[in-house]
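Residue numbers (my numbering): -13 to 429.
Note that beta-carbon positions come from the ideal geometry of N, C-alpha and C, so glycine has one too.
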């Protein structure tokens, strides 16, 4: 019982203390001595304490964040300065290395370009294959000891737009500078791969093309034949430009590929071959010649003027080509020339209006057995003098100078017919009866 009383007393005492504590709080005064109500105090105390703490926390957080950012910025600046120093050093070293490499390349290249260090003046042979590119040519020059810096040579050739070369075998000296090397490779003066080809009097364009190809001088036969029937050379030669009936001819240049001995390069460009031959023809017709019955020497053009020929140069070349194809020898040429002139000038009632020449029947082919399979045996030539009156549209072959002179200055005869026996002996006749007798005799 006493214990319960003691416990109850203790609880009562504690309750009173708690109440007194609350009362003391409500009875507090402010700094001015004024009291304030107990109802508002707890809320005011609670509000002030929460906002202040929150404000303090935020302010401390911002200060801490600002400080941290400042430290990071400072550290970043320091790192950037350090990286920039490393970059500058690396860049300077790289520039120095690259500059040194470029300088070495430039100096070495320039020495090779100008052949400063190449004192050896010995000659070597350099082979440039067909359709060779700059890499192939550079390799050939390097292997022959003509250049030491292939990349620099290719750079120079490309920049100067000299990176195309012609096929051939060239003789070059080891101490040549780049420009001298290129000049020699693009020219022909130092080529050593030459071939001698003789064009025989009386050969036609097709036969000449075959011979040039067989001898190795002509690399493109189709192009050669195409050029022989083109206007490619008109601006360079008046005697070609003056030809009027180009469309009637098989080959415009037939008759003007002058028979002679020529020196060509292996697989030479077709246009270059033709230029060489036409240049030779032009030279020959302007040379002074000894003509039949004249003491003085005259050129072909001057002799045409001298004789007051009724035929122009192209017609003379046509007559000369027939003479070349039909005559057995030089003497025979002048008699056949007289027969051709006589027939061309004969009255229609004489029955010799057509020339009737076997050499014209199958032109541009030599004879019936030379006709290509794709042409066929029924081929009819526009040059056939059995079917057509007068001269054919153009020459049927390429005559030599003797035949040309005979065409201009024929013998003075009354013959209208000729034939030859198997040994080449000529028989001439003024009438058809004499001619038939000659034919019967030689049979």
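Check, Outcome
"Straight-line gap, residue 130 to residue 139 (C-alpha atoms, nearest Å)", "14 Å"
"Top-ranked residue by Cα proximity to residue 121, from 108, 137, 84", "137"
"Residue 214: first and last residue of the uninterrupted alpha helix (DSSP H) it sits in", "207 to 214"
"Alpha-carbon to alpha-carbon, residue 58 and residue 30", "Because residue 30 sits at a pLDDT of 47, beneath the cut-off of 50, its placement in the model cannot be relied upon, and the point is left open."
"Environment of residue 362 [buried if 16+ CB atoms lie within 10 Å]", "exposed"
"Alpha helix (DSSP H) segment containing residue 425, residue limits", "418 to 428"
"Per-residue burial, residue 56 [other beta carbons within 10 Å of its own, 16 or more giving buried]", "exposed"
"Enclosing beta strand (DSSP E) for residue 109 [first to last residue]", "109 to 114"
"Distance between residue 135 and residue 100 (C-alpha atoms, nearest Å)", "12 Å"
"For residue 368, the three-state DSSP class (helix, strand or coil)", "coil"
"Simplified DSSP assignment, three categories, for residue 64", "helix"
"For residue 326, the nearest candidate out of 249, 339, 315 (CA to CA)", "339"
"Residue environment, residue 166, which counts as buried when at least 16 other CB atoms sit within 10 Å", "exposed"
"Residue range of the alpha helix (DSSP H) that includes residue 225", "224 to 227"
"Residues that residue 405 bridges to, as DSSP identifies them", "413"
"Helix, strand or coil at residue 154 [DSSP, three-state]", "strand"
"Cα-Cα separation, residue 125 to residue 177", "18 Å"
"Residues bridged to residue 276 [DSSP beta-bridge criterion]", "283"
"For residue 62 and residue 42, the rounded distance between their alpha carbons", "30 Å"
"DSSP-derived helix/strand/coil call for residue 299", "helix"
"Residue 181 versus residue 286 - alpha carbon distance", "30 Å"
"8 Å contact criterion, which residue 430 and residue 118 should meet: CB distance rounded", "In the structure as shown, the chain starts at -13 and stops at 429, and residue 430 therefore has no counterpart that could be examined."
"As assigned by DSSP and simplified to three states, the class of residue 45", "helix"
"With 16 other Cβ atoms within 10 Å as the buried cut-off, status of residue 279", "exposed"
"Test item: CB-CB of residue 403 and residue 324 under 8 Å", "no"
"Cβ-based neighbour list, residue 254, same chain, cut-off 8 Å, excluding 5 preceding and 5 following", "203, 204, 205"
"The stretch 215 to 228 touching the stretch 295 to 304, judged by at least three CB pairs closer than 8 Å", "yes"
"Residue 183 - DSSP class collapsed to helix/strand/coil", "strand"
"Of the listed residues 109, 234, 183, nearest to residue 243 (C-alpha basis)", "183"
"Rounded straight-line distance, which links the Cα of residue 371 to that of residue 342", "5 Å"
"Member of 48, 417, 388 whose CA lies at the smallest distance from the CA of residue 188", "388"
"Below-8 Å beta-carbon distance, residue 365 vs any chain C residue", "Here there is only one protein chain, and chain C is not present."
"Buried versus exposed call for residue 417 [16 or more other C-beta atoms within 10 Å across all chains shown]", "exposed"
"Same chain, Cβ closer than 7 Å to residue 319, five either side skipped, listed in chain order", "309, 313, 388, 389, 392"
"Continuous alpha helix (DSSP H) stretch holding residue 219: start and end", "Run containing residue 219: none; DSSP gives neither H nor E here."
"Close beta carbons around residue 256, own chain, < 6 Å, minus the five adjacent residues each side", "206, 209, 210, 213"
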